[in-house]
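Protein chains in written order, with the working numbering: chain V, 1279 to 1583; chain S, 0 to 288.
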């Protein structure tokens, strides 16, 4: 008979090859995720690159006081939340509508074709998407504006007039990602029991009523979970996208926490203060995620994790 | 889906559905088609005619010009190198870790899983990471890109759950025959997991090929910059460090369009081949129940 200790030892021993396989990945997480998390201590210092983490002066909460006193703070918070909320309102329904439409189309081949096409923009970089926007809409040489001018209309200053910025930003997000985001709804639709439709047809339900009473309820769980996730990430913005769209004319509207940290931190070298900004954002983000997850579970939905 | 056959015909309803879908198709396809076709047009035609789909005069001058442009070709090569090595490193590290974590009997697994999950919820932000990379002397080296992007936690979790669904009977019998864990992974589990592996190879490649921010963050010398950075400076921010990568050359509209096509093409070529895989592979972990 093996003693308890021997059995435990055996389990560890048996795991050795697996631990070795995990090791490189584990090192990655420790070095490039957890050490930088520890690095947030410089938010409480006046960090001097020459002195390093250990010798820099501790300043307590000074950086946080500066952040909350800064005029920029409300503007950054407002811009971040505004863009996220617009995404929630306009982007979020798009993949659902797309999936529903596709579900209603009769020809399997056509459905497949549409599905293939709507996925494609997801594989293009933000650089390409923004480039396409410029090639189509820039005032001097954009194809669409040239056409407008040729027909005697005034060009639309889509890229330089800051009034269009938010709308343009959300439209680009929808163009690039709505198709890909619909994948999960396609899957949910495929799992709806077809006998429900049969029964509805027997009862004389029209296509509209079938959609309202069978298809939409079938998507409910997926919609709730994804909505929660979105709310949890309200503080995040699509960084590569917004940085490309940012220019002096729209900076008032397009400056969000992430771009501010990049500009003030990496470019201007104010490391301690921008780490504080990043830390503030991360903490609020984490709180939001934990909060919405709890609410979801209270509502009787499956949580996100 | 059989469901459609018996759900009754409703011509008006179908017309609305198809009209909207065709409209969506056009919105997605037209920007592409315009840029692809216009890249074969002459500068004069683009500047005078504005929006069009079929050029009156066809020319491949723009492509010839780009091929001769040393900076463009260098950045293209850089992108290929970054994508190939980056994907190889990421797939190796991710697959190994995912396999290890997929064994439910492994001690310490819960802690490790939580460590992975937590990084999806909280991060130290880019400044500490940047200082770390700088401290490790990795600035201006491709290792900064490979190491900071080695594992996408989301990919790791889905690969792990697909390994977890692997029939344990096969593994047990191989183990009884004296097969080591590494051999088991390489000879049995991986060959049978091709859809998942193909999917995530594509995802990592797309990620490396498309990202520009880590390059402008960590790389400093112009000759190391990837294609996305070249394109960004050529089209989007010409004023900013124009000299660095593009050398202040005046690019005609057709050349700029050709550059966009060039940057998009590699992924569009691979995409159809892998699509059949990721339709299967991707959904494995994404829908609960």
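Every residue, glycine too, gets a C-beta built ideally from N, C-alpha and C. If you're wondering where the values come from, they're calculated on a predicted model, not measured in any experiment.
| Asked | Found |
| --- | --- |
| Exposure label - residue 1533 (chain V); buried when at least 16 CB within 10 Å | buried |
| Through-space distance from residue 75 (chain S) to residue 220 (chain S), alpha-carbon basis | 15 angstroms |
| Chain V contact residues for residue 76 (chain S), given Cβ-Cβ distances below 8 angstroms | The contacting residues do not exist; residue 76 (chain S) stays about 17 angstroms from chain V at best. |
| Cut-off 7 angstroms between Cβ atoms - residues of its own chain near residue 82 (chain S), not counting five sequence neighbours on either side | 204, 207 and 208 |
| C-alpha distance - residue 1343 (chain V) paired with residue 202 (chain S), whole-angstrom precision | 42 angstroms |
| Buried/exposed call for residue 1493 (chain V), threshold 16 Cβ in 10 Å | buried |
| Burial state of residue 1491 (chain V) (16 or more Cβ within 10 Å) | exposed |
| Per-residue DSSP class, three states only, for residue 1350 (chain V) | helix |
| Own chain residues within Cβ distance below 7 angstroms of residue 218 (chain S), not counting five before or after | 139 and 224 |
| Contact list for residue 176 (chain S) against chain V, beta-carbon separation under 7 angstroms | What residue 176 (chain S) touches in chain V: nothing, since even the nearest Cβ is about 16 angstroms away. |
| Check whether residue 305 (chain S) and residue 70 (chain S) have beta carbons under 8 angstroms apart | Absent from the structure is residue 305 (chain S), since the part of chain S shown begins at 0 and ends at 288. |
| Residue 17 (chain S): contacting residues in chain V (beta-carbon distance under 7 angstroms) | 1383 |
| Residue 64 (chain S) at chain V interface by Cβ criterion, 8 angstroms | no |
| Nonlocal neighbours in the same chain, by C-beta distance under 8 angstroms from residue 1396 (chain V), ignoring five residues either side | 1376, 1456, 1457, 1458 and 1460 |
| Beta-carbon gap between residue 85 (chain S) and residue 148 (chain S) smaller than 8 angstroms | yes |
| Residues of its chain near residue 1448 (chain V), where Cβ-Cβ distance is below 7 angstroms and the 5 sequence neighbours each way are ignored | 1364, 1365, 1368 and 1369 |
| Sequence ranges, alpha helix (DSSP H) only - wholly within the segment 1413-1465 of chain V, length at least 4 | 1421-1428 and 1443-1459 |
| Residue from S:30, S:150 and S:100 with nearest C-alpha to residue 1399 (chain V) | S:30 |
| Proximal residues of chain S, C-beta to C-beta of residue 1399 (chain V) below 8 angstroms | 27 |
| Proximal chain V residues relative to residue 30 (chain S), where beta-carbon distance stays under 7 angstroms | 1410 and 1414 |
| Residue 96 (chain S) burial status per 10 Å Cβ neighbour count (16 or more: buried) | buried |
| Span of the alpha helix (DSSP H), counted from its first residue to its last, around residue 193 (chain S) | 193-209 |
| Paired residues, beta bridge with residue 1290 (chain V) - DSSP | Its beta-bridge partners do not exist; DSSP assigns none. |
| Local Cβ density within 10 Å of residue 1469 (chain V), reported as buried at 16 or more and exposed below that | exposed |
| Sufficient close CB pairs (3 or more, under 8 angstroms) joining the segment 1294-1306 of chain V to the segment 142-156 of chain S | yes |
| Neighbour flag for residue 247 (chain S) against chain V, beta carbons, 8 angstroms | With a pLDDT of only 42 at residue 247 (chain S), under 50, the local geometry of the prediction cannot be trusted, and no value is derived from it. |
| For residue 1495 (chain V) and residue 1577 (chain V), the rounded distance between their alpha carbons | 16 angstroms |
| Beta-ladder partner(s) of residue 1490 (chain V), from DSSP | BP columns for residue 1490 (chain V) are empty, so no partner. |
| Coil, strand or helix - residue 1329 (chain V) by DSSP | coil |
| Residues near residue 88 (chain S) by beta carbon distance below 7 angstroms, same chain, minus five either side | 145 and 149 |
| Coil, strand or helix - residue 1324 (chain V) by DSSP | strand |
| CB-CB length for residue 1406 (chain V) against residue 92 (chain S), believed under 8 angstroms | At roughly 28 angstroms, the Cβ-Cβ gap does not stay under 8 angstroms, so residue 1406 (chain V) and residue 92 (chain S) are not in contact. |
| Alpha-carbon to alpha-carbon, residue 103 (chain S) and residue 109 (chain S) | 9 angstroms |
| Straight-line Cα distance separating residue 1295 (chain V) from residue 99 (chain S) | 8 angstroms |
| Environment of residue 1486 (chain V) [buried if 16+ CB atoms lie within 10 Å] | exposed |
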